[in-house]
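These notes concern the structure reproduced below.
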Amino acid sequence: MYVDVHFREAGVESRVVQRSDYNEEALQWADAIMTAGGDGTFLLAASRIHQKDKPVIGINTDPQGSEGYMCLMRKLPKEHFRSALQRLLDGDFDWLYRQRIRITLSGDAQNGVGDSIDLHDRQLNQEPSTTRWLDAYSTPSSSVHRTPQHRSPRCSDAEASLNAVKKSKKRPRSPSERVTVQLPVLALNEVFIGESLSSRVSYYEIQIDDGKMVKQKSSGIAMCTGTGSTSWYFNINKLTEQCVSELLRIVSDRCEVSLPVDDKKVVSDICTTFNQQLIFSPDLRRMAFTVRDPIFNATFPPITPRGFAEKIVVKSRGYDAHLVVDGGVSYRFNDGAEASLEVHEEDALQTVIFR
1 MYVDVHFREA
11 GVESRVVQRS
21 DYNEEALQWA
31 DAIMTAGGDG
41 TFLLAASRIH
51 QKDKPVIGIN
61 TDPQGSEGYM
71 CLMRKLPKEH
81 FRSALQRLLD
91 GDFDWLYRQR
101 IRITLSGDAQ
111 NGVGDSIDLH
121 DRQLNQEPST
131 TRWLDAYSTP
141 SSSVHRTPQH
151 RSPRCSDAEA
161 SLNAVKKSKK
171 RPRSPSERVT
181 VQLPVLALNE
191 VFIGESLSSR
201 VSYYEIQIDD
211 GKMVKQKSSG
221 IAMCTGTGST
231 SWYFNINKLT
241 EQCVSELLRI
251 VSDRCEVSLP
261 VDDKKVVSDI
271 CTTFNQQLIF
281 SPDLRRMAFT
291 VRDPIFNATF
301 PPITPRGFAE
311 KIVVKSRGYD
321 AHLVVDGGVS
331 YRFNDGAEAS
341 LEVHEEDALQ
351 TVIFR
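Counting in full-length UniProt numbering, the sequence shown runs from 1 upward without gaps.
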């Protein structure tokens, strides 16, 4: 790999590890983590890091297949890596602390609260009448974040919660007993809550900050950080030039005013202006949320389908619902389960941007 070659030439000690070898021992050895891949590889590497002083630096080695938004070189070819490495060694960069979302789950202990599956390692089930994922969920003690040989790092509160769940499994539980678990992963991009099959309506209750809990039906809800505001959240909410042109025409007809409905430059500028305001800074300590395809009727009155929040609480009324972190780790989230999402300064991820 050319990255490792340039490290050796620069006198930088490094180790190359594959995904299966990316464990606590490797993390503890390194002063910094450099990913070679795309944004997905960066997200995977970041998910294992909980301390604020372990920087993650991304190199986009797949510019044709990944936007590389979180990577230093983005779309630049590999020939630029040598100069990028030299800038890092010269200190010609600034730190960027990307905020992440902390998730706390609570629910019936018998339903496996905190059990997860790694979506990168699973295949879709061929039987549509069953749950989407072919393999069973891992328990917190044997999930992707801990193997029998290695114990991955995690924040102390999450570890205490998971250990409590593990110990409590040794004694009989009543069906009504609830447990609370702080998940061992932090969302760098987004958290999605909804039914596994997209054709099913997602049913839940949601509370934004100190507002009241309201019932809602939709195609699911996505909550993102500033880092994730350029990704799925952006594509859910962005306007197209077709929509802008049609809206201008309606306004022109209804208000009897002349508008440049056929001026492609004006339409494009309006579209770009709206879409750019969806993006916010990765170090801003708040979340954005968006409701996909909300259902409004006499039973479910209209509420704000998009906005910002410091805390979001979602209570599931779902049938086969899941909570998915950064598109990579999925947790059961069925009827009665409750998720609390918050952004804490101490959970920020240390990354690099060039000056």
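Note that CB positions come from ideal geometry on N, CA and C, so glycine has one too.
Of the residues the options, the one placed nearest residue i, counting alpha carbons only
i	options	result
Ala-45	Gln-86, Ala-187 and Phe-81	Ala-187
Ser-340	Gly-318, Leu-323, Lys-311 and Glu-67	Lys-311
Thr-61	Tyr-233, Pro-55, Pro-77 and Leu-105	Pro-77
Leu-72	Gln-182, Gln-64 and Phe-81	Phe-81
Val-113	Tyr-331, Leu-27, Gln-28 and Cys-271	Tyr-331
Leu-85	Gly-58, Lys-75 and Gly-65	Gly-58
Leu-96	Phe-333, Asp-320, Ile-295 and Ser-281	Ser-281
Ala-109	Ser-83, Asp-21, Val-181 and Arg-249	Val-181
Glu-241	Asp-262, Asn-334, Glu-25 and Phe-42	Asp-262
Tyr-2	Gly-226, Lys-238, Ser-268 and Glu-79	Glu-79
Thr-299	Tyr-69, Tyr-233, Gly-336 and Tyr-203	Tyr-203
residue 441	Lys-212, Leu-89, Asp-293 and Thr-104	Since the displayed the chain opens at 1 and closes at 355, residue 441 lies outside it and no answer follows.
Ile-208	Arg-74, Ala-309 and Gln-51	Ala-309
Thr-41	Gly-91, Val-56, His-50 and Pro-184	Val-56
Neighbour-count burial assignment, residue i, 16 or more Cβ in a 10 Å radius
i	result
Glu-246	exposed
Ile-353	exposed
Lys-315	buried
Arg-8	exposed
Met-287	buried
Arg-102	buried
Val-214	exposed
Arg-249	exposed
Ala-10	exposed
Gly-65	exposed
Val-144	Only weak support is given to the placement of Val-144: the predicted model assigns it a pLDDT of 34, under 50, and the question is left unresolved by the model.
8 Å Cβ cutoff met for residue i and residue j
i	j	result
Asp-347	Arg-100	yes
Asp-4	Val-16	yes
Asp-53	Gln-350	yes
Phe-324	Pro-305	Sequence inspection shows Val at residue 324; the Phe mentioned does not correspond to that position. No, Cβ-Cβ distance for Val-324 and Pro-305 is not below 8 Å.
Ser-196	Asp-320	yes
Leu-267	Leu-259	The sequence shown places Val at residue 267, rather than the Leu named in the question. Going by C-beta atoms, Val-267 is not nearer than 8 Å to Leu-259.
Val-179	Ser-106	yes
Val-20	Val-329	A quick correction: the sequence has Ser, not Val, at residue 20. No, Cβ-Cβ distance for Ser-20 and Val-329 is not below 8 Å.
Glu-190	Asp-283	no
Where residue i falls: helix, strand or coil (DSSP)
i	result
Asn-23	coil
Phe-296	coil
Glu-190	strand
Glu-13	coil
Thr-180	strand
His-50	coil
Lys-217	strand
Ile-303	coil
His-6	helix
Asp-269	helix
Gln-242	helix
Residue i CB to nearest heavy atom of the ligand GDP below 7 Å
i	result
Leu-259	Annotation note on the ligand GDP: not contained in the displayed structure, which lists no ligands.
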